[in-house]
């Protein structure tokens, strides 16, 4: 299968769907990440050119860990717009890759780039099969399935259709995230007011990145209420929040799953059937 995962910035796909991406790659599927903006807004010290170059390099290192293709567009961070020119660029790009499934942001989010990335995918969805639009790129025969990454926004709330256990790949997710040094050890700690807490030693900061341990005995309430610190909590949120979905999917084993990723099917793409669900999400 061809799997296309679209984020607004370098590291968006890594944070939201890299566990599933790793599973697809292991099974021999072709996986491509696209960052629609260059990430040049995401630093408190470096200028735009400096951080864009650095973040591009970090995507190269993350791609090696993940085993995915990785494209970064030249649109300046914080300036991604859901305009016709960018829509047409995206339509041509999707048609060329011909994905079976597309992952993206929901079009409601705190960041305008995230919202517009999601909106661009939605605006492109039907037009992918319209031959007279962007006629220089052959139209697809049918729209791909489109699914949203999990988020915590409540208007409207995220409603999961698929929840996938990621315990078996979570350490690889950390190895990948560790490659995004400018983000997880610099910019995001700066925005969270905890830059002074990041250890200087690479091994120590890698442990700091994990934060508090999460085990099958960790109460879901502790994860949901923020008693657990670090990216262990972030990667465990879907399991804690959608425990019933995990039990439904994995049986009693679902009660002891620590880490998961959740996805909501967009109404704008081809809809999942029971048969296609088993093909696209066989994990």
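In the working numbering, the protein residues as written are 2 to 284. Backbone N, C-alpha and C fix where the C-beta goes; we use that ideal spot for every residue, glycine too.
Which ranges does the beta strand (DSSP E) cover as unbroken runs of at least 3 residues, wholly within the stretch 222 to 278, from first to last along the chain? 261 to 266
Nearest by alpha-carbon distance to residue 268: which of 146, 39, 250 and 93 is it? 146
Report buried or exposed for residue 127, applying the criterion of at least 16 other Cβ atoms within 10 angstroms of its Cβ. exposed
Cross-strand partners of residue 32 (DSSP beta bridge): 4
Rounded to the nearest angstrom, what separates residue 226 and residue 238 at their Cα positions? 10 Å
Assuming residue 122 contacts residue 258 (C-beta within less than 8 Å), just tell me the rounded distance between them. No, residue 122 and residue 258 are not in contact; Cβ-Cβ is about 29 Å, not under 8 Å.
Residue(s) in a DSSP beta bridge with residue 65: According to DSSP, which records beta bridges pairwise, residue 65 is partnered with nothing at all.
Is the stretch 148 to 164 in contact with the stretch 30 to 46, if contact means three or more CB pairs nearer than 8 Å? no
Looking only at C-alpha atoms, which of 78, 166 and 273 sits nearest to residue 38? 78
Tell me where the beta strand (DSSP E) around residue 71 begins and ends. 70 to 76
Quick check: the Cα distance between residue 173 and residue 97, rounded to an integer number of angstroms? 29 Å
Can you name, in chain order, every residue of its own chain whose Cβ lies under 8 Å from the Cβ of residue 231, other than the five neighbours on each side? 209, 210, 211, 212 and 213
Any idea if residue 100 is buried or exposed, counting beta-carbon neighbours within 10 angstroms, 16 or more meaning buried? buried
Quick check on residue 33: buried or exposed, where buried means 16 or more other Cβ atoms within 10 Å of its Cβ? buried
Cβ separation of residue 5 and residue 76, assumed to be a contact under 8 Å, to the nearest whole Å: Not confirmed; about 17 Å, so no contact.
Relative to the C-alpha of residue 137, which candidate in 18, 89 and 204 has its C-alpha closest? 89
Proximity winner among 93, 19, 108 and 222, relative to residue 158 (alpha-carbon distances): 108
Alpha-carbon spacing of residue 85 relative to residue 73, whole angstroms: 19 Å
Between 113, 171, 277 and 57, which has its C-alpha nearest residue 71's C-alpha? 57
Residue environment, residue 142, which counts as buried when at least 16 other CB atoms sit within 10 Å: exposed
Could you spell out the range, first to last residue, of the alpha helix (DSSP H) harbouring residue 98? 85 to 98
Which residues mark the beginning and the end of the beta strand (DSSP E) in which residue 122 is found? From DSSP, residue 122 is part of no beta strand (DSSP E) but of the alpha helix (DSSP H) over 113 to 126.
Buried or exposed: which applies to residue 161, given that a residue is buried once 16 or more other Cβ atoms fall within 10 Å of its Cβ? buried
Would you be able to state if there are at least three C-beta pairs under 8 Å between the stretch 165 to 182 and the stretch 244 to 263? yes
Going by Cα to Cα distance, which pick from 134, 140, 87 and 275 is closest to residue 118? 87
Quick check on this structure: which residue in 52, 179, 17 and 125 has the alpha carbon closest to the alpha carbon of residue 65? 179
Whole angstroms is fine: what's the gap from residue 216's alpha carbon to residue 131's? 49 Å
Roughly how many whole angstroms lie between the Cα atoms of residue 279 and residue 2? 13 Å
Quick check on this structure: which residue in 92, 21 and 80 has the alpha carbon closest to the alpha carbon of residue 40? 80
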